[in-house]
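Please read the structure below before turning to the comments.
In our numbering, the protein residues as written are 182 to 521.
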């Protein structure tokens, strides 16, 4: 009806307002990732963690102040939420970059880092060769996630709200396996760089992956336990809360599978198998997930819960693919030695 059309138009406008402000946070976000990634790979994991936690707390505080107009601030709604996120990006950058520059004795790589922005041609070639496929992969994967969200949205505005709630709690709990994936990449990369034996590398990788999966069995259970409570903190309808609870439970069941695929992805990447990770990540999304979601949403009347479950269940197929790639063992190579 006319009311639904107005709601859709208003939702679209909210999205545009949010994105216009969020664009200002891209540069600090990118710089933070460079600093934090370099620190982690040189063994300093606490500072990026402190930066990340601080950003979350700042974001929460300014969300409260700017969305609802507290402490004398104007009521900014959606724009306030975006401004809060941008502020948190700058705070995180200040903490991570500030610490790095103040501890040049511990992290000598930062000394003179900005003396010149010239990058040697040979190094540029290596960076492009290894980095460009990863950039393409991330871009295609993100685009795939956007298409999946659009497919889910064909089932109505309630679904848009419920998936947003689900994604929010997923982002909180998925830190468990995302951080383990980074740890796998760093530890296995260091072992490969040190020239450790194939048996040692495979054994360590196997233990790390099992540990990551077990952690996510616990966090998946915890996520399911709070699935009925978490949606209640949102100012929305009971139907949206009920739908969000069901979607959260489905996501929670799939968390251990996501833990396995994420750890496998970082393992393959640590050995420089960029083409394989492309196949494993964005190609899988566009060849399996997107066509499945598109066909189910456009050509069937399947309700959102089974539709969402079917699309999420493709993660199990990805686990099989990851297992076969890891078993081959071709990823076990010292990319530093290979590039010399």
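All C-beta atoms in this analysis are idealised placements derived from N, C-alpha and C, irrespective of residue type, glycine included.
The structure displayed is predicted, hence computed values, not measured ones.
- In the DSSP annotation of this structure, the continuous segment of the alpha helix (DSSP H) that includes residue 508 starts and ends at 495-509.
- Here residue 282 carries a helix assignment [DSSP, helix/strand/coil].
- Contact between the region 418-438 and the region 284-293 is absent: fewer than 3 CB-CB pairs across the two stretches fall below 8 Å.
- Rounded to whole angstroms, the separation of the alpha carbons of residue 278 and residue 284 is 10 Å.
- Per DSSP, residue 295 lies in no alpha helix (DSSP H) segment and is marked neither H nor E.
- At a Cβ-Cβ threshold of 9 Å, residue 445 and residue 510 do not count as neighbours.
- Taken in chain order, the whole alpha helix (DSSP H) runs of length 4 or more contained in the region 373-445 are 379-406.
- Less than 9 Å separates the beta-carbon of residue 365 from that of residue 448.
- Residues 369, 372, 373, 513 of the same chain have their beta carbon placed closer than 7 Å to that of residue 382, with the five preceding and five following residues left out of the count.
- Residue 319 and residue 389 have their alpha carbons spaced roughly 24 Å apart.
- Assigned with DSSP and collapsed to three states, residue 450 falls in helix.
- Residue 246 holds the alpha-carbon nearest to the alpha-carbon of residue 258 among 473, 350, 246.
- Distance from the CA atom of residue 392 to the CA atom of residue 329, rounded to whole angstroms, is 30 Å.
- Annotated as proximal: residue 209 and residue 267, with beta-carbon spacing under 9 Å.
- For the options 274, 439, 458, the alpha carbon positioned closest to that of residue 215 is the one of 274.
- Within the same chain, 199, 244, 247, 248 come within 8 Å of residue 262 by CB-CB distance, once the 5 residues on both sides are set aside.
- In the displayed model, residue 254 falls within coil according to three-state DSSP, outside both helix and strand.
- Residue environment analysis places residue 234 among the exposed positions, since fewer than 16 neighbouring C-beta atoms fall within 10 angstroms of its C-beta.
- Counting C-beta atoms within 10 angstroms of its own C-beta, residue 361 has 16 or more neighbours from the protein chains shown and is therefore classed as buried.
- Residue 316 and residue 253 have their C-alpha atoms some 43 Å from each other.
- Rounded to the nearest whole angstrom, the C-alpha separation of residue 456 and residue 466 is 15 Å.
- Of the residues assessed, residue 414 falls on the exposed side of the cut-off, its CB having fewer than 16 other CB atoms within 10 angstroms.
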